[in-house]
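This report concerns only the one structure given below.
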Amino acid sequence: MNTILRNEQNRNKPYLDLIRIVAIFFVIYNHTPGFYFLPYGDCGNAGYWGLLILNQVVKMAVPLFLMVTGALLLHKEEDIKSLLNRRVMRFAIAIIVICMIQYTFHLLWTDNNGKLHVFFTQLLNGMGGYQKFYARWFLYAYTGILLMLPFLRAIAKNLPDKFFLYLLGIQIIFCCVIPLVWMRITGDYVGYSAFVSWLPFHPQGKFLPYSAGYVAFYVLMGYYLEHRVSWTAWQQNKSKYVLTAIACLVLGAVCMWDADYCQGKKILHQSVIYLTSFLPIPCAVAYMIMKGACYDRVFHPLVGKVIASLGGAVFTVMCIENLFRVKWEGIYSDLLPEINRVPAAIIFTAAIWGAAILVGLIIKRIPFINRIF
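Numbers given in this note's numbering equal positions in the sequence shown, counted from 1, plus 167.
Have a look at this one:
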């Protein structure tokens, strides 16, 4: 994501802003009631299968943000002092500010529990807190990525192309194949494994410990797609990659259906472990498709400015969308009796997205604050 770089990104790459804009919409939808698929119907219901596909697509949000980070940051040269002052410090300040805003919101509009230790607890652990204000974890995870940038840059710049493919192979084997085989053999999901328990893998490692996750994989994938993959080679093989991505989404849906119904375990985490299992290839294809939408295309200056402005406001949306979501949850409740859950969730998401984007555009015009958000 890293909208901190909005003033230094390559303006000839509007697709990076486009990816952010789409991904933040996915993030908001992820946090709505429309995301959860278990209540929608029984095995074989067409709507249920569509939701299994949809919920994988919206789960691409964070990987896409991290791929943009890899594309933008891993090829740069930067000393550690500059990294800490320009990037890490800004994110640290942003975390403190958004925690203060959420704490104030919590006091004014929720259960009015004013214990100060609640604020410091939530500031330090970055998870949960204040009822529904749980979506701050990415700020902490992203700060960790920034701290690891010198190592990730050294790896990316010196890694031969075949090793990137090796990394993709590891991801597919340990994130996709092993959980699938384990489910078919044992009838259960992959539980705890000391084999990878101390490695910096997927944040959902307690459910899927074999995932070679976000930091080590998706950031490097973004660098590889942006700086190593030939555009001509992508164009020549695009149809094959798209079909492979679709097959991955279908396989993920089948695995969730299998875990949820065929195994007789109608428990959310039993099937949700497969939500991100088969996403590496779909994420890469989605990145390249959005890149293709802008590649070698000359936009009208006004259109380019709008895309850049919306992309620059995405970080603010990430920080404040949960405030709108909590305050406006009645919108979804009012829509639900009138239309299907998914259209209600999409309209709810669009309202939050538009309001938060507007706030972000305003904040960009406020001195000093625009340097943080």
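Yeah, the Cβ is synthetic: ideal placement off N, Cα and C, and Gly gets one too.
Going by DSSP, Leu-490 is part of the alpha helix (DSSP H) stretching over 481 to 494. The C-beta of Val-348 has fewer than 16 other C-beta atoms within 10 Å across all chains shown, which makes the residue exposed. Around the beta carbon of Lys-324, fewer than 16 other beta carbons sit within 10 angstroms, so the residue counts as exposed.
Rounded to the nearest angstrom, the Cβ distance from Val-526 to Ile-474 is 18 Å, too far for a contact under 8 Å. Closest option to Ile-220, judged by alpha-carbon separation, among Val-421, Leu-477, His-467, Leu-250: Val-421.
Straight-line spacing of the CA atoms in Phe-540 and Gly-479 works out to 9 Å.
Counting along the chain, the unbroken alpha helix (DSSP H) around Asp-328 starts and ends at 328 to 338.
The region 221 to 237 makes contact with the region 449 to 464: 3 or more CB pairs, one atom from each, lie closer than 8 Å. CA-CA distance, Ile-345 to Phe-515, rounds to 37 Å. Proximity to Pro-449 across Arg-538, Thr-411, Ala-518 peaks at Thr-411, based on C-alpha coordinates. When the five nearest sequence neighbours on each side are left out, the beta carbons in the same chain lying within less than 6 Å of the beta carbon of Leu-313 are those of Arg-254, Val-255, in order along the chain. In this structure Ser-444 is buried. Its beta-carbon is surrounded by 16 or more other beta-carbon atoms within 10 angstroms. DSSP places Met-315 in the coil class of the three-state scheme, outside both helix and strand.
Here Trp-424 is buried, its C-beta having at least 16 other C-beta atoms within 10 Å. According to the DSSP assignment, Ala-511 belongs to the alpha helix (DSSP H) that extends over 508 to 530.
About 6 Å separates the CB atoms of Pro-317 and Ile-247; that is less than 8 Å, so the two are in contact.
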